Amino acid sequence: MTGAPDVPTPLADARSRLAGVQGILLDLDGVILLRGEAIPGAPEAVARFATLGIPYRILTNTSLVSRDTLSGRLARLGIHVPAAWIVSALSATAGLARDEFAGSPIYLLASPDARREFAGQWLVSHAEADAGAEVVAVVIGDSPEELTFANIDRAFRFLHRGARLVAMHRNRWWLTRAGPTIDAGAYVAGLEYAAGVTATVVGKPTREFFVRALDDLAVGPLDDVLMVGDDLHLDAGSSLDLGLRSAHVLTGRHDLADVRAAARGEPPAAGSPIVPTVVLPSLADVADALEPSVG
Ligand SMILES: [Mg+2]
Numbered sequence: 002m003t004g005a006p007d008v009p010t011p012l013a014d015a016r017s018r019l020a021g022v023q024g025i026l027l028d029l030d031g032v033i034l035l036r037g038e039a040i041p042g043a044p045e046a047v048a049r050f051a052t053l054g055i056p057y058r059i060l061t062n063t064s065l066v067s068r069d070t071l072s073g074r075l076a077r078l079g080i081h082v083p084a085a086w087i088v089s090a091l092s093a094t095a096g097l098a099r100d101e102f103a104g105s106p107i108y109l110l111a112s113p114d115a116r117r118e119f120a121g122q123w124l125v126s127h128a129e130a131d132a133g134a135e136v137v138a139v140v141i142g143d144s145p146e147e148l149t150f151a152n153i154d155r156a157f158r159f160l161h162r163g164a165r166l167v168a169m170h171r172n173r174w175w176l177t178r179a180g181p182t183i184d185a186g187a188y189v190a191g192l193e194y195a196a197g198v199t200a201t202v203v204g205k206p207t208r209e210f211f212v213r214a215l216d217d218l219a220v221g222p223l224d225d226v227l228m229v230g231d232d233l234h235l236d237a238g239s240s241l242d243l244g245l246r247s248a249h250v251l252t253g254r255h256d257l258a259d260v261r262a263a264a265r266g267e268p269p270a271a272g273s274p275i276v277p278t279v280v281l282p283s284l285a286d287v288a289d290a291l292e293p294s295v296g
């Protein structure tokens, strides 16, 4: 698709562009939840995917809480998603750490609940860090209470002595009740700058993160999978690059002005144009577009 996008996409066009979709990857924040509340129509839309027989997984850079906690929070909002259907930057990072650092100490900056995903792994405490413990890696995620100067400074000292830096993601900002709110990416970038290292990033937009969810979804051709997101770079751009189809919804981070700018290759795109397969007001409209035509 080239040229100026017709946005939002008319329903009839959306239906034909999404024909044959067999599986869905759903972003969480800005698509299902916003500022901790369910987005209107999202709980019903998620239930309709099940009715339509279209399997889905949630693919989110959220690293603040464990999948169990996330699943419980969603259930209280009327959205019933088993923890096993959630692929988060946190769970994927815990998996990477299990694979690559098994039996070796790591320094983890994450909320107490998020640490549950690392059960059984060797986590060095702040006190042990101060007592001269060594680690093979510093792992950093979202955590307002853990991303303090003292902890970032401890992390820096480990990196300065040669530890590897692993970032659950490097998101710039997200929407909270306070408005646009700084995210963990700034701390990752700061540590890279100070220590002269490059982080291994685990969550979106990395190919490995998508592959983890796609393997679990086990749907045929990549073109039969639809990624629904509110971020033109992390969700739309990276899924289109992989060969998936992309639905951009307007309930979160990027609005119509961003859609038009990205189509020209301007930020939030990074040089090459990003044109989602469809642009729709909300997840409810995505469900409508996937519904067999009712005339
Ligand atoms: Mg989002």
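Residue numbers for the sequence shown follow this note's numbering, so the first one is 2 and each next one is one higher. Every residue, glycine too, gets a C-beta built ideally from N, C-alpha and C. Owing to the predicted nature of the structure, the values given are computational and were not obtained by experimental measurement.
Beta-carbon proximity of Leu-29 to Thr-61, cut-off 7 Å: On the sequence shown, position 28 is the one that residue 29 refers to. On the sequence shown, position 60 is the one that residue 61 refers to. In contact: Leu-29 and Thr-61 (Cβ atoms closer than 7 Å).
Could you say if the region 219–227 and the region 189–209 meet the contact criterion of at least three C-beta pairs nearer than 8 Å? no
Report, in whole angstroms, the separation of the C-beta atoms of Val-202 and Arg-171, which I expect to be a contact under 8 Å. Locating residue 202 in the sequence shown gives position 201, where the first residue counts as 1. Locating residue 171 in the sequence shown gives position 170, where the first residue counts as 1. Their Cβ separation, rounded to whole angstroms, is 5 Å, which keeps Val-202 and Arg-171 in contact under 8 Å.
At a cut-off of 6 Å, is Gly-180 close to ligand 1 when judged by its beta-carbon and the heavy atoms of the ligand? Translated into the one-based positions of the sequence shown, residue 180 becomes position 179. False, no ligand heavy atom lies under 6 Å from that Cβ.
Considering only the alpha carbon of each residue, which of Ala-20, Ala-43 and Leu-35 lies closest to Gly-180? Translated into the one-based positions of the sequence shown, residue 180 becomes position 179. With distances taken between CA atoms, Gly-180 lies nearest to Leu-35 out of Ala-20, Ala-43 and Leu-35.
Per DSSP, cross-strand counterpart(s) of Thr-252: Reading the sequence shown from its first residue, position 251 is the one you call residue 252. BP columns for Thr-252 are empty, so no partner.
Could you tell me if the beta carbon of Gly-31 falls within a distance shorter than 6 Å of some heavy atom in ligand 1? As a working mapping, residue 31 is identified with position 30 in the sequence shown. Flag set: Cβ of Gly-31 near ligand 1.
Spatially closest choice to Asp-232 from Ser-126, Val-287 and Pro-206, by CA coordinates: Within the sequence shown, the letter at position 231 stands for residue 232. Ranking Ser-126, Val-287 and Pro-206 by Cα distance to Asp-232 puts Pro-206 first.
Along the chain, where does the beta strand (DSSP E) containing Ser-89 start, and where does it finish? Translated into the one-based positions of the sequence shown, residue 89 becomes position 88. Here the beta strand (DSSP E) through Ser-89 covers 87–89.
Would you kindly check if the distance between the Cβ of Ala-115 and the Cβ of Val-66 is under 7 Å? Numbered from 1 along the sequence shown, position 65 holds the residue referred to as residue 66. Numbered from 1 along the sequence shown, position 114 holds the residue referred to as residue 115. Cβ distance < 7 Å, so Val-66 and Ala-115 count as in contact.
At the level of alpha carbons, what is the spacing between Ser-126 and Ala-84? Along the sequence shown, one-based indexing puts residue 126 at 125. Along the sequence shown, one-based indexing puts residue 84 at 83. Using only the alpha carbons, I get a separation of about 27 Å.
Which residues mark the beginning and the end of the beta strand (DSSP E) in which Ala-168 is found? Taking the first residue of the sequence shown as position 1, residue 168 is located at position 167. That run of the beta strand (DSSP E) goes 165–168.
Hey, would you say the C-beta of Asp-232 is under 6 Å away from at least one heavy atom of ligand 1? The count along the sequence shown starts at 1 and reaches residue 232 at position 231. It does: the Cβ of Asp-232 is within 6 Å (strictly closer) of some heavy atom of ligand 1.
By DSSP's criteria, Ala-20 is part of a beta bridge. Which residues make up the other side? Residue mapping note: residue 20 aligns to position 19 of the sequence shown, counting from 1. DSSP output for Ala-20 lists no bridge partner at all.
When you compare each of Gly-24, Asp-224 and Asp-242 to Arg-208 by their alpha carbons, which one comes out closest? Looking up residue 208 in the sequence shown gives position 207. When each option's Cα is compared against that of Arg-208, the closest is Asp-242.
Expressed to the nearest angstrom, what Euclidean distance is found between the alpha-carbon atoms of Thr-52 and Thr-94? The residue given as residue 52 occupies position 51 in the sequence shown. The residue given as residue 94 occupies position 93 in the sequence shown. Using only the alpha carbons, I get a separation of about 32 Å.
Could you tell me if Arg-246 is buried or exposed, where buried requires 16 or more neighbouring beta carbons within 10 angstroms of its beta carbon? Residue 246 sits at position 245 when you count from the first residue of the sequence shown. Buried: at least 16 other Cβ atoms inside 10 Å.
Helix or strand or just coil, what does DSSP make of Ser-247? Mapped onto the sequence shown, residue 247 falls at position 246. If DSSP states are grouped into helix, strand and coil, Ser-247 belongs with the strands.
Using 7 Å as the threshold, is the C-beta distance between Ala-248 and Val-229 below it? For this step, residue 248 is matched to residue 247 along the sequence shown. For this step, residue 229 is matched to residue 228 along the sequence shown. Pairing Ala-248 with Val-229 gives a Cβ-Cβ distance under 7 Å.
Where does Trp-174 land, buried or exposed, given buried means 16+ other C-beta within 10 angstroms? In the sequence shown, residue 174 corresponds to position 173, counting from 1. By the neighbour-count rule (16 or more Cβ atoms within 10 Å), Trp-174 is not buried but exposed.
Could you name the residues of the same chain whose beta carbon sits closer than 6 Å to that of Ser-283, not counting the 5 residues immediately before and after it, in chain order? Against the sequence shown, residue 283 aligns to sequence position 282. Correct list, in chain order: Gly-42, Val-250 and Thr-252.
In this structure, what does DSSP give as the bridge partners for Leu-281? Taking the sequence shown and counting its residues from 1, one reaches residue 281 at position 280. Its beta-bridge partners are Val-250.
Who are the Cβ neighbours of His-255 in its own chain at under 8 Å, not counting the five residues just before and after it? In the sequence shown, the residue the question calls residue 255 occupies position 254. Asp-231, Asp-232, Leu-233, His-249, Ala-263 and Pro-269, listed in sequence order.
In the structure shown, what three-state DSSP assignment does Glu-209 receive? Sequence index remark: in the sequence shown, residue 209 carries index 208 (1-based). If DSSP states are grouped into helix, strand and coil, Glu-209 belongs with the helices.
Going along the chain, which residues of its own chain have a beta-carbon closer than 7 Å to the beta-carbon of Arg-105, five neighbours each way excluded? In the sequence shown, the residue the question calls residue 105 occupies position 104. Here the sequence assigns Ser to residue 105, which means Arg is not the residue at that position. The residues are Trp-123 and Val-137.
Sorry if obvious, but does the Cβ on Asp-143 come closer than 6 Å to a heavy atom of ligand 1? The count along the sequence shown starts at 1 and reaches residue 143 at position 142. Asp-143 Cβ: outside cutoff for every heavy atom of ligand 1.
Measuring only from the beta carbon, is Asp-28 closer than 6 Å to any heavy atom that is part of ligand 3? This structure lacks ligand 3; its bound ligands are ligand 1.
Could you tell me if Asp-7 is buried or exposed, where buried requires 16 or more neighbouring beta carbons within 10 angstroms of its beta carbon? As a working mapping, residue 7 is identified with position 6 in the sequence shown. Exposed: under 16 other Cβ atoms inside 10 Å.
Applying the criterion that 16 or more other CB atoms from any shown protein chain within 10 Å of the CB defines a buried residue, is Thr-10 buried or exposed? By 1-based counting over the sequence shown, the position of residue 10 is 9. Classification for Thr-10: buried.
Residues in its own chain within less than 6 Å of Ala-111 by CB, not counting five upstream and five downstream? Numbered from 1 along the sequence shown, position 110 holds the residue referred to as residue 111. Once the five neighbours on either side are set aside, the close Cβ partners of Ala-111 are Gly-142 and Ser-144.
Thinking just about the alpha-carbon of each residue, which of Leu-148, Tyr-108 and Asp-100 is nearest to the one in Glu-135? Translated into positions along the sequence shown, residue 135 becomes position 134. Looking at Leu-148, Tyr-108 and Asp-100, the one whose alpha-carbon comes closest to that of Glu-135 is Tyr-108.
Please list the terminal residues of the continuous alpha helix (DSSP H) segment that includes Pro-9. The count along the sequence shown starts at 1 and reaches residue 9 at position 8. That residue, Pro-9, is in no alpha helix (DSSP H); it is neither H nor E in DSSP.
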